[in-house]
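Take a look at the structure below.
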Amino acid sequence: MTAIATLGSHCALQVLKGAKDEGLKTILVCERKRERLYRRFSFIDELILVDSFTEILEQKHQSILEQNNAVLIPHGTLIAQMSSEQIESIKTPIFGNKWILRWESDRTMKEKLMREARLPVPKPVLHSKDIDKLVIVKRQGAAGGKGYFLAANQEDYNKKREQLISQGIISKEETLYIQEYAAGVLAYLQFFYSPLKEELEFFGADQRHESDIEGLARIPSEQQLKNTKVPSFNVIGNSPIVLRESLLDEVYTMGENFVEASKRIVSPGMNGPFCIEGVYDENAKFTSFEFSARIVAGTNIYMDGSPYYSLLFNEPMSMGKRIAREIKTAKGTNQLDKITT
Amino acid sequence: MTAIATLGSHCALQVLKGAKDEGLKTILVCERKRERLYRRFSFIDELILVDSFTEILEQKHQSILEQNNAVLIPHGTLIAQMSSEQIESIKTPIFGNKWILRWESDRTMKEKLMREARLPVPKPVLHSKDIDKLVIVKRQGAAGGKGYFLAANQEDYNKKREQLISQGIISKEETLYIQEYAAGVLAYLQFFYSPLKEELEFFGADQRHESDIEGLARIPSEQQLKNTKVPSFNVIGNSPIVLRESLLDEVYTMGENFVEASKRIVSPGMNGPFCIEGVYDENAKFTSFEFSARIVAGTNIYMDGSPYYSLLFNEPMSMGKRIAREIKTAKGTNQLDKITT
Amino acid sequence: MTAIATLGSHCALQVLKGAKDEGLKTILVCERKRERLYRRFSFIDELILVDSFTEILEQKHQSILEQNNAVLIPHGTLIAQMSSEQIESIKTPIFGNKWILRWESDRTMKEKLMREARLPVPKPVLHSKDIDKLVIVKRQGAAGGKGYFLAANQEDYNKKREQLISQGIISKEETLYIQEYAAGVLAYLQFFYSPLKEELEFFGADQRHESDIEGLARIPSEQQLKNTKVPSFNVIGNSPIVLRESLLDEVYTMGENFVEASKRIVSPGMNGPFCIEGVYDENAKFTSFEFSARIVAGTNIYMDGSPYYSLLFNEPMSMGKRIAREIKTAKGTNQLDKITT
Numbered sequence: 001m002t003a004i005a006t007l008g009s010h011c012a013l014q015v016l017k018g019a020k021d022e023g024l025k026t027i028l029v030c031e032r033k034r035e036r037l038y039r040r041f042s043f044i045d046e047l048i049l050v051d052s053f054t055e056i057l058e059q060k061h062q063s064i065l066e067q068n069n070a071v072l073i074p075h076g077t078l079i080a081q082m083s084s085e086q087i088e089s090i091k092t093p094i095f096g097n098k099w100i101l102r103w104e105s106d107r108t109m110k111e112k113l114m115r116e117a118r119l120p121v122p123k124p125v126l127h128s129k130d131i132d133k134l135v136i137v138k139r140q141g142a143a144g145g146k147g148y149f150l151a152a153n154q155e156d157y158n159k160k161r162e163q164l165i166s167q168g169i170i171s172k173e174e175t176l177y178i179q180e181y182a183a184g185v186l187a188y189l190q191f192f193y194s195p196l197k198e199e200l201e202f203f204g205a206d207q208r209h210e211s212d213i214e215g216l217a218r219i220p221s222e223q224q225l226k227n228t229k230v231p232s233f234n235v236i237g238n239s240p241i242v243l244r245e246s247l248l249d250e251v252y253t254m255g256e257n258f259v260e261a262s263k264r265i266v267s268p269g270m271n272g273p274f275c276i277e278g279v280y281d282e283n284a285k286f287t288s289f290e291f292s293a294r295i296v297a298g299t300n301i302y303m304d305g306s307p308y309y310s311l312l313f314n315e316p317m318s319m320g321k322r323i324a325r326e327i328k329t330a331k332g333t334n335q336l337d338k339i340t341t
Numbered sequence: 001m002t003a004i005a006t007l008g009s010h011c012a013l014q015v016l017k018g019a020k021d022e023g024l025k026t027i028l029v030c031e032r033k034r035e036r037l038y039r040r041f042s043f044i045d046e047l048i049l050v051d052s053f054t055e056i057l058e059q060k061h062q063s064i065l066e067q068n069n070a071v072l073i074p075h076g077t078l079i080a081q082m083s084s085e086q087i088e089s090i091k092t093p094i095f096g097n098k099w100i101l102r103w104e105s106d107r108t109m110k111e112k113l114m115r116e117a118r119l120p121v122p123k124p125v126l127h128s129k130d131i132d133k134l135v136i137v138k139r140q141g142a143a144g145g146k147g148y149f150l151a152a153n154q155e156d157y158n159k160k161r162e163q164l165i166s167q168g169i170i171s172k173e174e175t176l177y178i179q180e181y182a183a184g185v186l187a188y189l190q191f192f193y194s195p196l197k198e199e200l201e202f203f204g205a206d207q208r209h210e211s212d213i214e215g216l217a218r219i220p221s222e223q224q225l226k227n228t229k230v231p232s233f234n235v236i237g238n239s240p241i242v243l244r245e246s247l248l249d250e251v252y253t254m255g256e257n258f259v260e261a262s263k264r265i266v267s268p269g270m271n272g273p274f275c276i277e278g279v280y281d282e283n284a285k286f287t288s289f290e291f292s293a294r295i296v297a298g299t300n301i302y303m304d305g306s307p308y309y310s311l312l313f314n315e316p317m318s319m320g321k322r323i324a325r326e327i328k329t330a331k332g333t334n335q336l337d338k339i340t341t
Numbered sequence: 001m002t003a004i005a006t007l008g009s010h011c012a013l014q015v016l017k018g019a020k021d022e023g024l025k026t027i028l029v030c031e032r033k034r035e036r037l038y039r040r041f042s043f044i045d046e047l048i049l050v051d052s053f054t055e056i057l058e059q060k061h062q063s064i065l066e067q068n069n070a071v072l073i074p075h076g077t078l079i080a081q082m083s084s085e086q087i088e089s090i091k092t093p094i095f096g097n098k099w100i101l102r103w104e105s106d107r108t109m110k111e112k113l114m115r116e117a118r119l120p121v122p123k124p125v126l127h128s129k130d131i132d133k134l135v136i137v138k139r140q141g142a143a144g145g146k147g148y149f150l151a152a153n154q155e156d157y158n159k160k161r162e163q164l165i166s167q168g169i170i171s172k173e174e175t176l177y178i179q180e181y182a183a184g185v186l187a188y189l190q191f192f193y194s195p196l197k198e199e200l201e202f203f204g205a206d207q208r209h210e211s212d213i214e215g216l217a218r219i220p221s222e223q224q225l226k227n228t229k230v231p232s233f234n235v236i237g238n239s240p241i242v243l244r245e246s247l248l249d250e251v252y253t254m255g256e257n258f259v260e261a262s263k264r265i266v267s268p269g270m271n272g273p274f275c276i277e278g279v280y281d282e283n284a285k286f287t288s289f290e291f292s293a294r295i296v297a298g299t300n301i302y303m304d305g306s307p308y309y310s311l312l313f314n315e316p317m318s319m320g321k322r323i324a325r326e327i328k329t330a331k332g333t334n335q336l337d338k339i340t341t
């Protein structure tokens, strides 16, 4: 008997529903404050209640997971709330590659892997005095976009940075990261790489809803110009998008390049779900500004299957179910070590 | 034998398709001018043709509904086209709570119920001279957003109001309702409360497409500034959105607070589908500017099931089907009086 | 045995998956550079490899299609890459009406058919000196929106046209086509007309994501005004939308008017899938700026069925599957000539 475990947030519902549909036991590591929410869902077999997610490092919780032959599915909350060292020290087998999560969290390593994968990245701007066109200013880690801002020049950068510091949104010491702003159609490309089949699957794409930048679109310019508030990029939700079919070949190529680069520089490579995040410009050229080396919350829009997976599977297949299917297959053929770390 | 009846507009197709899928008889109260549209759908068993929806108050139509043991599903068109008194005088059992529809239609009662439910509401602005930041100006009732406008100050308010009056869009006598404008990511939260199970279900969320405010987003500022037209908020359609999972706990809490407040002040409470409508700001804090105390048209995007309902049901489940399921269950256990008024 | 063939782009995956689900043989005319992409999908039975799509005019390829009793499904790529004469000379039976594709490609014929169908069209502006409100400037043919631009007056028109010429995006000789810009909620209305059932079906609606005009919405006015770049309208993808139910009657009427007008002026009429493309203004009045006389890529969002088709079919039904279903029915009743040209 195998169990699937994950932290209670991000895409836990999708992951555990998929696991249950595949006949696996489901375990949720759940903050006490969220217990009421997750008790609503009957497909969650067992709750491990904690006050903070870092408690899963404790022996007693690790033991429960071990007794259940649990595989832990990592997601954005794991990365946001635990350090790379903590994640790497988890004894429970982690689906995919736990070592690559450090490459997602650290801006310098992230850029290195993206260059290695030949992903077209926005030009970094090393110093605020070098800002000569629209830039986006980001923070370290998977902060969900809160505190990100746009700036047109150094003066603008300083003004907005100080405004955000005075509001307590960013801290004075924080190293900010400046990129040329890539404008166009946002697309978050969701993949699954199966080391069992040695095949890459394109699952789907989504767009993020970020607040309050999204609200700008509905405020007439006349009113916008009277307002000095710095718009932010706090992710609130996701919506579906399908891509022009002529873009799919390059989508797959980018995914494969990422899988291959990961194999070379962070063994055993990019196994399981991941996401390449970027924007299509007016020439339909893609620029990638981020990747996620694990399931993304954007897959939640396809809780009952995605358009692209309906091409590959003759049944409704969410990303959570795909993960569970992979674990079942690996278990059945004694290859769990191939898909976990 | 039970029948489901509804007015031909808003979400009638979804409601009656769901009823047919549950094996119930379906009756549409249909304006003659729309007969051709609705005859296209074979799941509609019977049409009651009228020139105006208020005719359903007439004895002959009430009799047909009575003979069929019909339950009437109320929606936005019922509220838009009939007064609260008329709705309350309908003899046919109405699904949910017909008394609460008055609280939706009347701005003052609406605000009272929202405060009672501890929903965070935008600050009302009592007089146009008090406008000191961006506000939205609304009309009474469920007008679908037509004639709503934004204003930055009293001068702006007067200019736009007069422009809309001169265009015949609003009338001189009409009382307008001014709220501080909440900017960010719009989310219309769709719920179903079952008094049979005494459980609240979160069905899904949608975003509204409103004209012509949505078109603004595609007009460069340079051109916007040359244009004096007042953008409007006429609802044209809806699109799906899923929320960051960490927001769900608060979503359920808001829904439960609304259900409990309704139980206290408008018996028998908020039974069946309802919607809390608002916006997430840059801190992911929700502000609610409206509620609908019945099924909303935004559920039409999930005609074959929503992402969140696929967590609760192991079959495709639309809101229309959910309603029919509740009626069937109530009928089978002799509890129809518990879910109708 | 009947086969379905199509060109490898646009909506080929949806079309062939639908055909396979209906038990038909599937053939893809595939550019060699895209072979790797399409080999990933096991529902494609046979690939005809070409260097350029015009090769399907060659006898050897026509023979293969003939031997397989293939019906060719036309889509946007066929129109974009071949002339009307070339398309009309194809020997393989083409689903729908190949003669109407010329009416889609040619602006003058297109307008004529739209007027004949009584579609409300935006006012054409015959000369750039006549621009007195916001206009959109378009190119001939199905260019996917690249090189389209907005202009507020003649000076603006000249400036932007010259900028695009100097960037090599449009050519100096190219005839541009100027229309009054219709602002509001974009909606691409997808239909299927069955000459076998003599019935029009409304399949669904979508919105297009165009770059980089879509990106404007996320750039504050202050920054937009500092930027001189001309936004473009290159289609990147599509998202789902459902319409207010009170709009559906007019949607069907527009579709039927289009079908009838097509019957009158371009025999055998508008059979199979088509799309009426336009925008709803603040009075919910629709203005149509284009039509597509064949399947549109926006149907790809409904790869596993659309909300509106779930009202008509008790099974997941994509547009690709609907086409295959029609061909199977025609074949089984010896009416293939009724649905192909």
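Residue numbers (UniProt numbering), protein chains in the order written: chain A, 1 to 341; chain B, 1 to 341; chain C, 1 to 341. Every residue, glycine too, gets a C-beta built ideally from N, C-alpha and C.
Could you check which residue in the options has the C-alpha nearest to that of residue i?
i, options, result
"K321 (chain B)", "C:S310, C:R322, C:S42", "C:S310"
"N227 (chain B)", "C:A152, C:E31, C:Y280, C:P195", "C:A152"
"R325 (chain C)", "C:K20, C:T6, C:L7, C:H10", "C:K20"
"R264 (chain B)", "B:S166, B:K112, B:L16, B:V125", "B:K112"
"K98 (chain B)", "B:E260, B:E214, B:V121, B:M270", "B:M270"
"L216 (chain A)", "A:D156, A:L150, A:F191, A:G168", "A:L150"
"D156 (chain C)", "C:V230, C:I213, C:I90", "C:V230"
"Y148 (chain B)", "B:L126, B:I178, B:H127", "B:I178"
"F41 (chain C)", "C:L13, C:G23, C:E245, C:I241", "C:L13"
"N283 (chain C)", "B:I170, B:C30, B:P122, B:F286", "B:I170"
"V15 (chain A)", "A:Q59, A:K331, A:D304, A:S194", "A:D304"
Determine the DSSP secondary structure at residue i, reduced to helix, strand or coil.
i, result
"Q154 (chain C)", "helix"
"S166 (chain C)", "helix"
"D45 (chain B)", "coil"
"Y188 (chain C)", "strand"
"residue 346 (chain B)", "A question about residue 346 (chain B) goes unanswered here, because the residues of chain B that appear run from 1 up to 341."
"Y302 (chain B)", "helix"
"I276 (chain B)", "strand"
Would a C-beta distance cut-off of 8 Å place residue i and residue j closer than the cut-off?
i, j, result
"L200 (chain B)", "I339 (chain B)", "no"
"T26 (chain C)", "F43 (chain C)", "yes"
"N69 (chain A)", "T6 (chain A)", "no"
"residue 350 (chain A)", "Y38 (chain A)", "Chain A is shown from 1 up to 341; residue 350 (chain A) falls before or after that span and cannot be answered."
"M319 (chain B)", "Y302 (chain B)", "yes"
"G278 (chain C)", "F192 (chain C)", "no"
According to DSSP, which residues form a beta bridge with residue i?
i, result
"T340 (chain C)", "C:F95"
"I178 (chain C)", "C:V125, C:V137"
"C30 (chain A)", "A:L49"
"D21 (chain C)", "DSSP lists no partner for D21 (chain C)."
"H209 (chain B)", "B:G237"
"L7 (chain B)", "B:V29"
- Is the stretch 223-238 of chain B in contact with the stretch 230-237 of chain C, if contact means three or more CB pairs nearer than 8 Å? At 8 Å Cβ cutoff, the stretches do not touch.
- Item | Cβ contact (3+ pairs, closer than 8 Å) linking the stretch 247-260 of chain C and the stretch 161-172 of chain C | The stretch 247-260 of chain C is not in contact with the stretch 161-172 of chain C.
- Message: Within 8 Å, do at least three Cβ pairs link the stretch 293-300 of chain C to the stretch 83-102 of chain C?
- Response: Yes: at least three Cβ pairs fall under 8 Å.
- Contact the stretch 130-141 of chain A vs the stretch 204-215 of chain A: 3+ CB pairs below 8 Å: The stretch 130-141 of chain A and the stretch 204-215 of chain A do not touch, with fewer than 3 CB-CB distances between them shorter than 8 Å.
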